[in-house]
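So the structure is just underneath, and the comments pick up after that.
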Amino acid sequence: MAKILIIDDSPTDVRVFTTLLEKAGYAVAAVSTAEEGIERVRAELPDLVIMDVIMPGMNGFQATRTLTRDPVTSNVPIVMITTKSMETDRVWGLRQGARAFITKPVNERELLTCINDLLPSAA
1 MAKILIIDDS PTDVRVFTTL LEKAGYAVAA VSTAEEGIER VRAELPDLVI
51 MDVIMPGMNG FQATRTLTRD PVTSNVPIVM ITTKSMETDR VWGLRQGARA
101 FITKPVNERE LLTCINDLLP SAA
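So this is what it looks like as C-alpha cells:
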C-alpha cells in the first residue's frame with residue numbers, strides 16, 4: 001500500500017483528501033506546516049507528497065524546492081494542490097520540482113489519475 005503525506009494547513013482539505021485517498025487504497029498521513037512536512041518526508045520517505053502552497057511560515061514552493069534539492073528526498077514525487085490558478089504559479093511550482101500542479105477545487109478523478117501516473121505500481 002502506497003504511503004501519501006499531505007502537507008496542508010486546512011483541516012477541511014486534509015479531511016477531504018484523506019477520505020478520497022483512503023477509499024482509493026492509500027495509507028495517508030497529514031501535517032499542517034511545511035516545516036513539519038519536510039521533517040516527516042525525511043524521516044518516513046512516503047511514496048508521494050500532496051503539498052499546499054499557501055501556508056503560514058514556509059510556503060509550499062519553498063518546501064518543494066527544499067525536498068527536491070535534498071538527495072535523501074529528491075525522488076519523492078510532489079503534487080502541488082492550491083487555489084493559486086495563474087499559469088505563472090503552475091510554472092513556478094514545476095520549476096521548484098513538483099511533478100504535478102492541480103488547482104482547487106480538486107477534481108477527484110484528476111487527482112487519482114495524477115497519483116496513479118506518478119505511482120504506477122501503487123494501490
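Each step along the sequence shown adds one to the number in the UniProt record's numbering, with nothing skipped, and position 94 is 94.
All C-beta atoms, glycine included, are put in the ideal place defined by N, C-alpha and C.
These numbers come from a predicted model, not from an experiment.
In this structure, DSSP gives A100 an extended state, which the three-state scheme calls strand.
T88 has its alpha-carbon roughly 31 Å from the corresponding atom of Y26. One alpha carbon belongs to T64, the other to E108, and they sit about 22 Å apart. By the Cβ rule, the stretch 49 to 60 counts as touching the stretch 1 to 16, because three or more pairs are nearer than 8 Å.
Here the stretch 95 to 110 makes no contact with the stretch 30 to 38; the two share fewer than three CB pairs at distances below 8 Å.
Proximity to N59 across E44, T82, V76 and R42 peaks at T82, based on C-alpha coordinates. Per DSSP, M58 has no beta-bridge partner at all.
Measuring C-alpha to C-alpha distances from M80 to each of W92, P71, A2 and T73 identifies W92 as the nearest. With fewer than 16 other Cβ atoms from the protein chains shown falling within 10 Å of its own Cβ, M86 counts as exposed. The C-beta of L45 has fewer than 16 other C-beta atoms within 10 Å across all chains shown, which makes the residue exposed.
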